[in-house]
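What the sequence shown shows, in my numbering, is residues 23 to 514, in sequence order.
No residue lacks a Cβ here, since even glycine has one placed at the ideal position from N, Cα and C.
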Amino acid sequence: MQHLENIHIRSIASTPYDTAWVAAVPDPNDRRDPRFPSALNWIAANQWPDGSWGSEIPYLHDRIICTLAALVPLARYGRREQDTQMIRRGERYLWQNAHLLETQQCELVGFELLLPTLVEIAVSAGVHLPPYIYAFEGERTRKLKMLPDKLLYSPHVTIAHSLEFLGSSVDPLQLVSVRAANGSIGNSPAATAFLLHHLDDQDAVDYLERCLADDSGEAVPVLEPCETFDALWSAQHRWLGGTPASELLVEPLRSVLEAGLQGNGVSLSPSFPIPDADETAVALVFFHEAGIAISPSALKLFERDDYFVSFPYERHPSVGVNIHALMALHRYEEYPDRDNAITKILRFLAGNRQQGSFWTDKWHISPLYATGRAIVALSEVDGRHAAFAQELLAPSLAWVLNTQNEDGSWGAFDIPTAEETAYALLALHRVPPTDEVTAARSAGYTYLVEHVSKARPAMWIDKCLYYPLHIVEAAIQAALKVGQHTFDLVYA
Numbered sequence: 023m024q025h026l027e028n029i030h031i032r033s034i035a036s037t038p039y040d041t042a043w044v045a046a047v048p049d050p051n052d053r054r055d056p057r058f059p060s061a062l063n064w065i066a067a068n069q070w071p072d073g074s075w076g077s078e079i080p081y082l083h084d085r086i087i088c089t090l091a092a093l094v095p096l097a098r099y100g101r102r103e104q105d106t107q108m109i110r111r112g113e114r115y116l117w118q119n120a121h122l123l124e125t126q127q128c129e130l131v132g133f134e135l136l137l138p139t140l141v142e143i144a145v146s147a148g149v150h151l152p153p154y155i156y157a158f159e160g161e162r163t164r165k166l167k168m169l170p171d172k173l174l175y176s177p178h179v180t181i182a183h184s185l186e187f188l189g190s191s192v193d194p195l196q197l198v199s200v201r202a203a204n205g206s207i208g209n210s211p212a213a214t215a216f217l218l219h220h221l222d223d224q225d226a227v228d229y230l231e232r233c234l235a236d237d238s239g240e241a242v243p244v245l246e247p248c249e250t251f252d253a254l255w256s257a258q259h260r261w262l263g264g265t266p267a268s269e270l271l272v273e274p275l276r277s278v279l280e281a282g283l284q285g286n287g288v289s290l291s292p293s294f295p296i297p298d299a300d301e302t303a304v305a306l307v308f309f310h311e312a313g314i315a316i317s318p319s320a321l322k323l324f325e326r327d328d329y330f331v332s333f334p335y336e337r338h339p340s341v342g343v344n345i346h347a348l349m350a351l352h353r354y355e356e357y358p359d360r361d362n363a364i365t366k367i368l369r370f371l372a373g374n375r376q377q378g379s380f381w382t383d384k385w386h387i388s389p390l391y392a393t394g395r396a397i398v399a400l401s402e403v404d405g406r407h408a409a410f411a412q413e414l415l416a417p418s419l420a421w422v423l424n425t426q427n428e429d430g431s432w433g434a435f436d437i438p439t440a441e442e443t444a445y446a447l448l449a450l451h452r453v454p455p456t457d458e459v460t461a462a463r464s465a466g467y468t469y470l471v472e473h474v475s476k477a478r479p480a481m482w483i484d485k486c487l488y489y490p491l492h493i494v495e496a497a498i499q500a501a502l503k504v505g506q507h508t509f510d511l512v513y514a
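Okay, structure coming up:
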């Protein structure tokens, strides 16, 4: 497990969205040149053959937002013929695909805020865009109405992570007031780069240079740092694979989680002052499993009339957050009005199933992630809620079993992945071992052994899709551990 004190290397792979924002920062001595030319070189080296940028999985919103962002620095600073050709290919991709945006559900963080701003910036840089890409102004207006004006420049609301959406309407001096002690705006390289478009701020420069240094000086991730999230989710996967929580809840992770649980909740990093329900619920599960007494009261702060929220002011609740809250509530009988809270979550899950069979989540594009977690949580539910939980569990288990590929893998986007296969296997480990379940686990384990080093596409959701290296690796290794324990006699 990666302990907090050891996570000084990059825990999230670089993304084209944030790297493009860094590449677009002008040199303060000559604004015709980029301040970070290595980032521009990285953008030029990472265009897909279809003209887009983004994850290997062609998830439309990710490819659109990354492509728009990447075209800006190329249009501003690209002077080579090959730069011109890349711009033309990127423009062609947008003309061929932007009209599909309104037909697909948007799952990326702040997309409806960021797209109109990027369109404005790209046009000013000379990018030729289709008229039908101007589709989210209404969504942007509705989102902003949810947020009080006085909180627009507050580091204590999640919009701080996406403040580049302000575009030309930004007040640079107020933006500086959001900057954290680590030099970032909302632990976001893109938002921090946006500050440097307007002010020469050395703390922001130092932050971006640290982020770049973790990738040979070339590119940056969508979120940095996120050491609590990285350590806690890696530990959760290893726990699902059978490692005792007492071995995983070690210092300094324990102290960080304990401080959050004794306050307003746990956040993704000590440097990010916004607790969330996901971290809080998973931390509670760990403390209970490790036999350490602690109050679950922090979770109450995220409970609403019909579900649990991730953060205040969010437009759409997270299925994953409610699944993790259910796992926590199962373990804390002293939670206020616990029985009604469990009923609330089960009803929420029932109302948010896709095709009556599986779930998707706002933090991961694969239904294998949310559905696998749901199977784990629902299999634990007992007492008077057990029958309702089983009604939800049975079709989701059938969905997992029947979506396995012939080679033993799982992959929701026509690309089999070790990550999704691991989520399915960790879920099947928690249900009764029928012949069908055992056969699926055996085939999945065989696939995972043979493809453990296969490339890992970005599937986690932020402002673009991203790949958390330690967390995904922990899930795969946990699934392998379970498989080795069960099938060593067969595959030794």
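Assigned exposure category for A446 - 16 Cβ within 10 Å defines buried: The count along the sequence shown starts at 1 and reaches residue 446 at position 424. When all chains shown are included, A446 counts as buried.
The region 81-92 / the region 110-124 touching (three or more Cβ pairs under 8 Å): The region 81-92 is in contact with the region 110-124.
First and last residue of the uninterrupted alpha helix (DSSP H) at D252: Here residue 252 refers to the residue found at position 230 of the sequence shown. That run of the alpha helix (DSSP H) goes E249 to L262.
Cα-Cα separation, P50 to G239: Position 28 of the sequence shown, counted from the first residue, corresponds to residue 50. Position 217 of the sequence shown, counted from the first residue, corresponds to residue 239. Looking at the backbone, the Cα of P50 and that of G239 are separated by about 19 Å.
Cβ neighbour criterion (16 or more within 10 Å) applied to Y154: To locate residue 154, count along the sequence shown from 1; it is residue 132. Per the 10 Å Cβ criterion, exposed.
DSSP-derived helix/strand/coil call for A501: Your numbering for residue 501 matches position 479 in the sequence shown. A501: helix per DSSP, three-state reduction.
Range covered by the alpha helix (DSSP H) that runs through P56: Numbered from its first residue, the sequence shown carries residue 56 at position 34. Careful: P56 lies outside any alpha helix (DSSP H), inside the beta strand (DSSP E) at D52 to P56.
Where the alpha helix (DSSP H) through R162 begins and ends: Counting from 1 along the sequence shown, the entry for residue 162 is found at position 140. Counting along the chain, the alpha helix (DSSP H) containing R162 begins and ends at E159 to K167.
C-beta atoms of A497 and H259 nearer than 8 Å: Here residue 497 refers to the residue found at position 475 of the sequence shown. Here residue 259 refers to the residue found at position 237 of the sequence shown. Contact: yes.
Cβ contact check for the region 334-352 and the region 285-302: 3 or more pairs under 8 Å: Taking 8 Å as the limit for Cβ pairs, the verdict is that the region 285-302 does touch the region 334-352.
Own chain residues within Cβ distance below 8 Å of L234, not counting five before or after: Sequence index remark: in the sequence shown, residue 234 carries index 212 (1-based). So the list reads V44, F58, S60, A61, E240, A241 and V242, once near-sequence residues are dropped.
Where H386 sits in the DSSP three-state scheme: Indexing the sequence shown from 1 puts residue 386 at position 364. Correct three-state label for H386: strand.
Exposure label - R369; buried when at least 16 CB within 10 Å: Translated into the one-based positions of the sequence shown, residue 369 becomes position 347. R369 comes out exposed.
Chain-order list of residues whose beta-carbon lies under 6 Å from that of T439 (same chain, five-residue window excluded): Taking the first residue of the sequence shown as 1, we reach residue 439 at position 417. For T439, same chain residues with a beta-carbon under 6 Å away, outside a window of 5 residues either side, are G433 in chain order.
Local conformation of P38 per DSSP, three classes: Here residue 38 is taken as the residue at index 16 of the sequence shown, counted from 1. In the structure shown, P38 sits in a helix (DSSP, three-state: H, G or I).
DSSP-derived helix/strand/coil call for I314: Your numbering for residue 314 matches position 292 in the sequence shown. In the three-state reduction of the DSSP assignment, I314 falls in the coil class.
Contact under 8 Å by Cβ, L371 with L414: Against the sequence shown, residue 371 aligns to sequence position 349. Against the sequence shown, residue 414 aligns to sequence position 392. Yes.
For H338, the first and last residue of its enclosing alpha helix (DSSP H): In the sequence shown, residue 338 corresponds to position 316, counting from 1. Here H338 belongs to no alpha helix (DSSP H), and DSSP marks it neither H nor E.
Where W117 falls: helix, strand or coil (DSSP): Counting from one through the sequence shown, the residue named residue 117 turns up at place 95. Three-state DSSP puts W117 in a helix.
Same chain only: Cβ atoms within 7 Å of V304, ignoring 5 sequence neighbours per side: Taking the sequence shown and counting its residues from 1, the one referred to as residue 304 is at position 282. Contacts found: L254, Q258 and H346.
Complete runs of the alpha helix (DSSP H) confined to the region 138-223 [at least 4 residues]: List check, alpha helix (DSSP H) in window: 159-167, 194-200 and 211-218.
Buried versus exposed, by CB contacts within 10 Å (16 or more), D252: By one-based count along the sequence shown, residue 252 stands at place 230. Buried, because 16 or more other Cβ atoms sit within 10 Å of the Cβ of D252.
8 Å contact criterion, which A411 and L400 should meet: CB distance rounded: For the purposes of this step, residue 411 is taken as the residue at position 389 of the sequence shown. For the purposes of this step, residue 400 is taken as the residue at position 378 of the sequence shown. Here A411 really is in contact with L400; their C-beta atoms are around 5 Å apart, less than 8 Å.
Limits of the alpha helix (DSSP H) - the one that Q412 falls within: Counting from one through the sequence shown, the residue named residue 412 turns up at place 390. Counting along the chain, the alpha helix (DSSP H) containing Q412 begins and ends at A408 to N424.
Cβ pair count under 8 Å reaching 3, the region 200-210 against the region 174-187: With a cut-off of 8 Å, the region 174-187 and the region 200-210 count as touching, because enough Cβ pairs lie within range.
Paired residues, beta bridge with W482 - DSSP: As a first step, residue 482 is located in the sequence shown; it is residue number 460 there, counting from the start. Its beta-bridge partners are H386 and Y488.
Own chain, CB closer than 7 Å to K384, minus 5 neighbours either side, in chain order: As a first step, residue 384 must be located in the sequence shown, where it is residue number 362. Take K384, set aside five residues on each side of it, and the residues of its chain with a beta-carbon closer than 7 Å to its own are E129, H338, S340 and I483, in chain order.
Limits of the unbroken alpha helix (DSSP H) element including G239: Walking along the sequence shown from the start, residue 239 turns up at place 217. Counting along the chain, no alpha helix (DSSP H) covers G239, and no H or E run does either.
C-alpha gap between L169 and A42, whole angstroms: If you number the sequence shown from 1, residue 169 lands on position 147. If you number the sequence shown from 1, residue 42 lands on position 20. The alpha-carbon atoms of L169 and A42 are separated by roughly 27 Å.
Nonlocal neighbours in the same chain, by C-beta distance under 6 Å from G263, ignoring five residues either side: Locating residue 263 in the sequence shown gives position 241, counting from the first residue. Contacts found: A500, K503 and V504.
DSSP-derived helix/strand/coil call for L511: The count along the sequence shown starts at 1 and reaches residue 511 at position 489. Low local confidence applies: a pLDDT of 39 at L511 is under 50, so the model's placement there is unreliable, with the coordinate-based value given in what follows. DSSP, read as helix, strand or coil, puts L511 in helix.
Given 8 Å, three or more beta-carbon pairs between the region 203-212 and the region 221-231: Because the criterion of three Cβ pairs below 8 Å is met, the region 203-212 and the region 221-231 touch.
In DSSP terms, what V294 is bridged to: By one-based count along the sequence shown, residue 294 stands at place 272. A small fix is needed here, since residue 294 is Phe in this sequence, not Val. Residue pairing for F294: DSSP places it in no beta bridge.
Closest Cα partner of R375 within the set Y357, A409, A416 and Y335: The sequence position of residue 375 within the sequence shown is 353, counting from 1. Comparing Cα positions, the closest option is A416.
Residue burial classification, H507 (beta-carbon count within 10 angstroms, cutoff 16): Taking the first residue of the sequence shown as 1, we reach residue 507 at position 485. Classification for H507: exposed.
Segment limits, alpha helix (DSSP H) that includes V288: Mapped onto the sequence shown, residue 288 falls at position 266. In the DSSP assignment, V288 falls outside any alpha helix (DSSP H) and carries neither an H nor an E.
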